[in-house]
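Chains A and B, in that order, give the protein sequences.
Going by this note's numbering, the first residue of the first sequence is number -15, and it counts up by one from there.
Going by this note's numbering, the first residue of the second sequence is number 59, and it counts up by one from there.
C-beta: ideal position from N, C-alpha, C; glycine also.
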Amino acid sequence: MTDLLAVNNLQVGFRGVEGPMVVRGVSFTLLPGETVGLVGESGSGKSLTAQAIMGLLPAAASIGKDSSIVFRGTELVRASAKQLQELRGSRIAMVFQDPFSSLNPTMKLGEQVAEVLRMHKGMNKRNALARTAELFDLVRLPDAKTKVSLYPHEISGGQRQRVLLAMSFACRPELLIADEPTTALDVTVQAQILALMRELATETQCGVLLITHDLGVVAETCQRVLVMYAGQIVESGSAQQVLTAPLHPYTQGLLKALPPLDGDRVTRLYSLPGQPPNLGLGIRGCSFLERCPIGRNDPCSIEEPALRAIGHSGQSVRCHLAG
Amino acid sequence: MSDTNNVLMSMRHLSRTFSQRTGLFGRQSHSVYAVNNVSLDIYRGETLGLVGESGSGKSTFARLALRLIEPTSGTVQFEGKSLTSMGRDELLAFRRKAQMVFQDPYSSLNPRLTVSRLIGEGLDLAGITNVVDRTTETARLLELVGLAPSISNRYPHQFSGGQRQRIGIARALAAGPTFIAADEPVSALDVSVQAQVLNLLLQLQNSLSLTMLFVAHDLAVVRHISDRVAVMFLGRIVELADSDSIYSAPLHPYTRALLEAIPIPDPDRTPPTPPAIEIQPIEGAGCPYAARCRFAVAMCRETVPDLREHEPGHYAACLRAGEI
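Laid out in structure tokens, this is it:
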């Protein structure tokens, strides 16, 4: 199967290309219909990676010279604003964390979704509104017919996220980029939205890049996982492999630091010491060394580890000592 | 534990309403219960976890417990004295003994004050005025929360989220409290830092014999840190038990729904199918959860269930608890 999305050596920096890079050589591929989780803590570069794919980086950020993002054969890094505009909303759809600020507060819900259909599908207003009502049914908004003429503030956060999913899937996209789509929601509503997202993606065979900090969400949604730390992918593999047999000490630490929901309560949680490195100061050797329980002077402080495959299982890790 | 001498705080029929304006230009207003007829005891030395979704009234409850807001009706007693009838001196003493740790380590620290001045606010309450004493005490508190005393002249923006939360905890401890209300103290932090702060809170609670009200939406975090857990739904406590039984044998259907909905990093688990449609709960007659509850029968829509003891120390407000 050919890749839906191929990201190669993606570098994102601020203050020009000479400044420190905050996304430092990220490469991965996404197959059609596949859901891949991009996991990391704040500052790991996961959201910048997503923004780079969508061509929505902040003005102060710039992409490195050798970076490449290929979507269905089209190079996005050097694409024109017009080309990107045509792709976004039709073939590449997006859902963000905050469903309130993603919607226009002065426009009726139905009109906002219909606008997408009119823009990208050239539908007239009447047809677009009729299709919108169907989409609202599809995402199981209660009273879909009346919701069309409501404003964003009149519905709950979970319902707003349903509207955004309706908008995302309006043009049957090939790729959905979801940046922390359920982080602002309550846990019961989160479960509903994740179930809906899984269902829509399966039905339309849409590839999904799910950005999240929650390993539980990954387990329930993703086939593959990429773990980011300090701007790099430090581990990748199937969700099964990474969550049950993590190889990188960072992934291991993240999983151990979660308080368990069953079994005996422990008096002390495992915690990684310290905090992520300041990328502005430059890094020599492994970026995780300072917090690493198994790291040692040689080779960890001297040589930067490469992302290397372990066995033939498809699991890769950026660590000298793993495996 | 039910010995009355052991009760530090006691809430009785505590309610708080807020008025909500509706209609064009907000001309009509009606009151909404944020906390609705809650009675609860907090024992000395325990950590009581309070969980619920947004809008359940858990933060309002913590604020009522510290008298940061006034109750609409009902009472809060601290060491046997009612908070609302305390005189000025008594209230000042209460402010020293009861402190709060906030959710957002960014907005809860004044950006214009140095660490030593932030902690100094607590020392003022504790009545430590001598300059030398204040310096030693600040250094001691910073070490207690795992920070170097040398940082005391820095400003909040120079620290990471986890470090700021440690400063917030040091500030709360400066007054020498016996009771701490922590409102979502780790929810703004990353997982690896969250574990550090949770360990610190547990260790401080043990070594200083603090009583703690720990408010959070994350059930796993609450289980980890709490001796007992209360579950709130629409301003009411619907279940209350020790941490182990509430997670291993929940009685209320809402508690069960909450527990089932938590995503667990176990790829072998099939995620449960949640109810497809969220139903807006209706205020008024009957159990507030009845509209969402798959076990609801006719009587649930007529009677508001009381919080009843089903097993020793395990309370639930459900007419059908035990049979479902």
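Exercise for the section: For the beta strand (DSSP E) holding B:Glu369, just list the boundary residues, first then last. Expected result: From DSSP, the beta strand (DSSP E) with B:Glu369 extends over Arg366 to Glu369.
Original post:
At which residues does the beta strand (DSSP E) containing A:Met78 begin and terminate?
Top reply: Start and end: Ile76 to Val79.
- prompt: Which of helix, strand or coil does DSSP assign to A:Leu68?
  reply: Looking at A:Leu68 - three-state DSSP - the assignment turns out to be helix.
task: Find out if the Cβ-Cβ distance for the pair A:Arg124, A:Leu87 is shorter than 8 Å.
output: No; because the gap between Cβ atoms is not below 8 Å, this pair is not in contact.
Taking the DSSP output, what are the residues bridged to B:Ser68?
DSSP links B:Ser68 through a beta bridge to B:Asp99 and B:Gln135.
Residues in the same chain with beta-carbon distance under 8 Å from A:Gly266, minus the five sequence neighbours each way, listed in chain order, please. Hits under 8 Å: Pro4.
Query raised in the report: Fully enclosed by the segment 205 to 278 of chain B, which beta strand (DSSP E) runs are 3 residues long or longer?
Result: Runs of the beta strand (DSSP E) inside the segment 205 to 278 of chain B: 237 to 241 and 269 to 274.
**Request:** Work out the CA separation of A:Leu193 and A:Ser85 for me, nearest whole Å.
**Result:** Rounded to the nearest angstrom, the two C-alpha atoms are 21 Å apart.
Neighbour-count burial assignment, A:Ala306, 16 or more Cβ in a 10 Å radius
Buried is the label assigned to A:Ala306, since at least 16 other Cβ atoms lie within 10 Å of its Cβ.
request  = Tell me whether B:Ser143 sits in a helix, a strand or coil according to DSSP, three-state version.
outcome  = When secondary structure is reduced to three states using DSSP, B:Ser143 falls in the helix class.
Would you say B:Leu292 reaches chain A, if we count a Cβ-Cβ gap shorter than 8 Å as a contact? So no, B:Leu292 is outside the interface.
Is there at least one Cβ from chain A nearer than 8 Å to B:Ile320's Cβ?
Yes, its Cβ sits closer than 8 Å to a Cβ of chain A.
**Item:** Contact set between B:Ala228 and chain A, taken where Cβ atoms lie within less than 9 Å
**Value:** Residues of chain A passing the Cβ test: none, with the nearest at roughly 18 Å.
State the Cα-Cα distance for the pair B:Ile322 and A:Arg208, rounded to the nearest angstrom. Spanning the two alpha carbons is a distance of roughly 16 Å.
Q. Which chain B residues sit within Cβ distance under 7 Å of A:Arg252?
A. The contacting residues are Asn257.
Select from A:Ser300, A:Pro230, A:Leu199 and A:Thr235 the residue whose C-alpha is nearest the C-alpha of A:Ala272.
-> In the sequence under discussion, the amino acid at residue 272 of chain A is Phe, which differs from the Ala named in the question. Closest option to A:Phe272, Cα to Cα, is A:Thr235.
Notebook entry, point to check: Of all the residues that make up the segment 21 to 40 of chain A, which are near chain B by a beta-carbon distance shorter than 8 Å?
Noted result: Within the segment 21 to 40 of chain A, those residues whose Cβ lies closer than 8 Å to any Cβ of chain B are, in chain order, Glu25 and Ser26.
| message | So the candidates are A:Glu219, A:Lys240, A:Leu253 and A:Leu242; which of them puts its Cα closest to the Cα of A:Pro289? | response | Closest option to A:Pro289, judged by alpha-carbon separation, among A:Glu219, A:Lys240, A:Leu253 and A:Leu242: A:Glu219.
- Message: Under 8 Å: do the segment 311 to 322 of chain B and the segment 262 to 282 of chain B share three or more Cβ pairs, one atom per stretch?
- Response: Contact between the segment 311 to 322 of chain B and the segment 262 to 282 of chain B is present: three or more C-beta pairs spanning the two stretches fall below 8 Å.
| query | Using a beta-carbon distance cut-off of less than 7 Å, what residues from the segment 96 to 120 of chain B approach chain A? | reply | So the close ones are Glu111 and Ser112.
Please report how far the alpha carbon of B:Pro363 lies from the alpha carbon of A:Leu148, in whole angstroms.
Their Cα atoms are separated by approximately 38 Å.
### Query
If contact means a Cβ-Cβ distance below 7 Å, which residues of the segment 207 to 226 of chain B contact chain A?
Taking 7 Å as the Cβ-Cβ cut-off, the segment 207 to 226 of chain B approaches chain A at Ser218 and Gly220, given in chain order.
Original post:
From B:Met67, B:Asn264 and B:Leu247, pick the residue whose C-alpha is nearest to that of B:Lys139; which is it?
Top reply: The candidate whose alpha carbon is nearest that of B:Lys139 is B:Met67.
Item checked: Buried versus exposed, by CB contacts within 10 Å (16 or more), A:Gly295 -> Its Cβ having fewer than 16 others within 10 Å, A:Gly295 is exposed.
- Task: Anything in the segment 179 to 203 of chain A with a Cβ closer than 9 Å to a Cβ of chain B? List those residues in chain order, please.
- Result: Answer in chain order: Ala179, Leu180, Arg182, His197, Asp198, Leu199, Gly200, Val201, Val202 and Ala203.
> Going by C-alpha distance, which of B:Asp162, B:Phe136 and B:Ser284 is nearest A:Val250?
Replying inline: Answer by Cα proximity: B:Ser284.
inquiry  = Measuring straight from C-alpha to C-alpha, what distance separates A:Asp163 and A:Met38?
reply    = Between the alpha carbons of A:Asp163 and A:Met38 lies a distance of about 11 Å.
key: Alpha-carbon spacing of A:Leu160 relative to A:Lys30, whole angstroms   = C-alpha separation (whole angstroms): 15 Å.
Among B:Leu167, B:Val189, B:Ala246 and B:Ala230, which has the Cα closest to the Cα of B:Leu202? Selected option, being the one with the closest Cα: B:Ala230.
_Taking only three categories from DSSP, how would you classify B:Glu111?_
Three-state result, B:Glu111: coil.
With a cut-off of 8 Å on the beta carbons, I'd call A:Val23 and A:Leu199 a contact; round off their distance for me. Correct: roughly 6 Å between the Cβ atoms.
Using a 10 Å radius around the Cβ and a threshold of 16 neighbouring Cβ atoms, would you call B:Ser77 buried or exposed?
It counts as exposed.
Tell me the DSSP secondary structure of B:Ala379 in three-state form. Three-state DSSP puts B:Ala379 in coil, outside helix and strand.
**Residues that A:Asn(-8) bridges to, as DSSP identifies them** = Per DSSP, A:Ser52.
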